[in-house]
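Everything below concerns the one structure shown next.
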Amino acid sequence: MEVSLFEARELACWRAERLVFAGLSFSVSPGEALLLTGANGAGKSSLLRLLAGLLAAAEGSLSWDGADCFADLAAHGAKLRYLGHQDALKPSLTAVENLRFHASLQGGDVAAALDAFGLAPLADLPVRLFSSGQKRRLALARLSLRPARLWLLDEPTVGLDAASVERLGPVFATHRAAGGIVIAATHLPLPLPGARELRL
Amino acid sequence: MALLARELRIAIRHPADTLAAVMFFVLVAALFPFGVGPSPELLARLAPGVLLAAALLAALLPLDRLFGAEAEDGSLDQLLLCGLHPAGIAAVKALGHWITTGIPLVLACPIAAALLNLPVEAWGVAMLALGLASAILSVLGAAGAALTLGARRGGVLLPLLVLPLAIPAVIFGAAAIEAAANGLAVRPFLMLEAAMLALAMPLAPLAAGSALRGD
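Those sequence lines, one after another, are chains A and B. Just so it is clear: in the first sequence, position 92 is 104 by our numbering, and no numbers are missing. Just so it is clear: in the second sequence, position 210 is 329 by our numbering, and no numbers are missing.
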């Protein structure tokens, strides 16, 4: 029997009295990438938040390795990395301090993560001086702190220059080679070869 | 804990928030002598209540940003996902609020007490009572801040929710200071205040935690 690692069944989501999507089913196996596309307001971000357990599903179930994800949200959260619209950085802290905080919660190597996104020269600068692209890179650097099996990315490349988008390629490739899953909502092409597309 | 260390580091980088609360507290205490007029006895009589009320209002100032700032920049999502219990997050935030607002208010208490003509022998008790009352406000306030998170006029709603719950802290705190000024036993009043804190400390973060999760 084929192991289908991460499986959503008949998911439905209501936001403020409005049905965003319903009857949504898909499954992702290790090493796969899934791109969420669709018009603005189609529910890409809501789906990602729902998959992260930050938003309660109105209907449906989410299972991972046969276990129900919504049953133990804390354990589910520890297995994934979520990158939302906002970068979740504190402007008054430096790049290193921002990352070190997350590293202290989940473990990982701060210097290597900064290096992977070419942020080493900016390490000791307060984030409030960063451009929006640099902030996005720092938020992405959180992903490479420590391996997690599932990455949920909401428009990961917004504000990034071409070189930084290219830099994401090997990061995604290493993650997927190790059996990691990427689910990303995007309007822009991402360096994810062989990704399936889910149109909302 | 890492979260507390980050809280404190941010507070050190932005001393204005702490300073604003302390200045507010001292200024309110300074306004009373002008309003009451040249009557030192009356002022000393008012002092306990004024101290408590002014301190609680000052401690309320930074409360609506307690979770608001975290929610706006997305940090709250990351905190909820990192495996910490939501109630733990709320408890640490409350502790951070007390350290960055409550303790400075306690330290500023002698200045305000002097402005209000409170007898010197009651200053120590006043600081104790203020410390307890501000700690109560911090934990109750964390619950209030979590509940009003995302509400459109959260900043207005928050005091309406929290201050009524803090009334007993004002009553017993002021009673303790008054007892100290009159040379009576202060222990029972402080014990009652501490009991309130002991009750609120485990319950309020739990409420805050489920409010954070529920959004």
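For every residue, glycine included, the Cβ atom is placed at its ideal position computed from N, Cα and C.
*Just curious, the alpha helix (DSSP H) that residue 184/A is in, first and last residue?*
Along the first sequence, one-based indexing puts residue 184/A at 172. Per DSSP, residue 184/A belongs to the alpha helix (DSSP H) from 174-189.
*Tell me whether residue 74/A sits in a helix, a strand or coil according to DSSP, three-state version.*
As a working note, residue 74/A is residue 62 in the first sequence. Strand.
*Decide yes or no for the touch test of the region 76-89 of chain A against the region 212-223 of chain B: beta carbon pairs closer than 8 Å, at least 3 of them.*
At 8 Å Cβ cutoff, the stretches do not touch.
*Would you say the region 246-258 of chain B touches the region 165-182 of chain B, given that touching needs at least three Cβ pairs under 8 Å?*
The region 246-258 of chain B vs the region 165-182 of chain B: in contact.
*Does the count of Cβ pairs from the region 58-68 of chain A and the region 15-25 of chain A closer than 8 Å reach three?*
The region 58-68 of chain A is in contact with the region 15-25 of chain A.
_Between the alpha carbons of residue 269/B and residue 300/B, how many angstroms are there, rounded?_
Numbered from 1 along the second sequence, position 150 holds the residue referred to as residue 269/B. Numbered from 1 along the second sequence, position 181 holds the residue referred to as residue 300/B. C-alpha separation (whole angstroms): 44 Å.
*Helix, strand or coil at residue 158/B according to DSSP, with G and I counted as helix*: Start at 1 with the first residue of the second sequence, and residue 158/B comes out as number 39. If DSSP states are grouped into helix, strand and coil, residue 158/B belongs with coil.
*Spell out a yes or no on whether the region 141-156 of chain B and the region 283-303 of chain B are touching, meaning 3 or more CB-CB pairs, one atom from each, closer than 8 Å.*
Short answer: they don't touch.
_CA-to-CA distance, residue 104/A to residue 133/B, given in whole angstroms_ = Within the second sequence, the letter at position 14 stands for residue 133/B. Within the first sequence, the letter at position 92 stands for residue 104/A. One C-alpha to the other measures close to 8 Å.
_beta strand (DSSP E) segment containing residue 209/A, residue limits_ = Locating residue 209/A in the first sequence gives position 197, where the first residue counts as 1. It spans 208-211 - the beta strand (DSSP E) in which residue 209/A sits, taken as one unbroken run.
*Find the residues of chain B that neighbour residue 113/A, judging by a C-beta separation of less than 7 Å, and give them in chain order.*
As a first step, residue 113/A must be located in the first sequence, where it is residue number 101. Residues of chain B with a Cβ closer than 7 Å to the Cβ of residue 113/A are, in chain order, 121, 125.
*So, does the CB of residue 29/A fall closer than 8 Å to a CB anywhere in chain B?*
Translated into the one-based positions of the first sequence, residue 29/A becomes position 17. No Cβ of chain B is located within less than 8 Å of the beta carbon of residue 29/A.
*asked:* Suppose the cutoff is 7 Å on Cβ atoms and the five residues either side in sequence are ignored; what does the same chain contact list for residue 70/A look like?
replied: For the purposes of this step, residue 70/A is taken as residue 58 along the first sequence, with counting starting at 1. Excluding residues within five positions, the ones whose Cβ falls inside 7 Å are 24, 25, 26.
_Only counting the same chain, and skipping five residues up and downstream in sequence, which positions put a Cβ closer than 8 Å to that of residue 131/A?_
The residue given as residue 131/A occupies position 119 in the first sequence. Within its own chain, the residues whose Cβ lies closer than 8 Å to the Cβ of residue 131/A, once the five positions on either side in sequence are excluded, are 107, 146, 149, 150, 153, listed in chain order.
*For residue 30/A, the residue or residues it bridges with in DSSP*: For this step, residue 30/A is matched to residue 18 along the first sequence. Its beta-bridge partners are 27/A.
*Buried or exposed: where does residue 51/A fall if 16 or more other Cβ atoms within 10 Å of its Cβ makes it buried?*
Here residue 51/A refers to the residue found at position 39 when the first sequence is read from its first residue. By the 10 Å Cβ count, residue 51/A comes out exposed.
_Assuming contact is defined by CB atoms lying nearer than 8 Å, are residue 197/A and residue 173/A in contact in what I supplied?_
On the first sequence, residue 197/A is found 185 positions in, with the first residue counted as 1. On the first sequence, residue 173/A is found 161 positions in, with the first residue counted as 1. For the 8 Å CB-CB criterion, residue 197/A and residue 173/A do not form a contact.
*If residue 200/B and residue 225/B are in contact, beta carbons under 8 Å, what's the gap, nearest whole angstrom?*
Translated into positions along the second sequence, residue 200/B becomes position 81. Translated into positions along the second sequence, residue 225/B becomes position 106. Cβ-Cβ separation between residue 200/B and residue 225/B: approximately 35 Å, too far for a contact (criterion under 8 Å).
*Any alpha helix (DSSP H) of 4 or more consecutive residues that is wholly inside the region 66-117 of chain A*: Listed in chain order, the complete alpha helix (DSSP H) runs (minimum 4 residues) inside the region 66-117 of chain A are 85-90.
*asked:* Give me the residue from 333/B, 296/B, 187/B, 128/B with the minimum Cα distance to residue 138/A.
replied: Position 126 of the first sequence holds residue 138/A. Of the candidates 333/B, 296/B, 187/B, 128/B, 128/B places its Cα closest to the Cα of residue 138/A.
_Collapsed DSSP secondary structure at residue 200/A in the structure displayed_ = Within the first sequence, residue 200/A is the residue found at index 188, counting from 1. It is coil, neither helix nor strand.
*Are the Cβ atoms of residue 305/B and residue 295/B separated by less than 8 Å?*
Residue mapping note: residue 305/B aligns to position 186 of the second sequence, counting from 1. Residue mapping note: residue 295/B aligns to position 176 of the second sequence, counting from 1. Yes, Cβ-Cβ distance for residue 305/B and residue 295/B is below 8 Å.
*Report yes or no: do three or more beta-carbon pairs, one from the region 196-213 of chain B and one from the region 198-210 of chain A, lie closer than 8 Å?*
Taking 8 Å as the limit for Cβ pairs, the verdict is that the region 198-210 of chain A does not touch the region 196-213 of chain B.
*Taking C-alpha atoms, which residue in 159/A, 37/A, 73/A, 97/A lies nearest to residue 124/A?*
Numbered from 1 along the first sequence, position 112 holds the residue referred to as residue 124/A. The option with the nearest alpha carbon to residue 124/A is 159/A.
*Short check: CB of residue 188/A to CB of residue 45/A, under 8 Å?*
Position 176 of the first sequence, counted from the first residue, corresponds to residue 188/A. Position 33 of the first sequence, counted from the first residue, corresponds to residue 45/A. Their beta carbons are under 8 Å apart, which means residue 188/A touches residue 45/A by this criterion.
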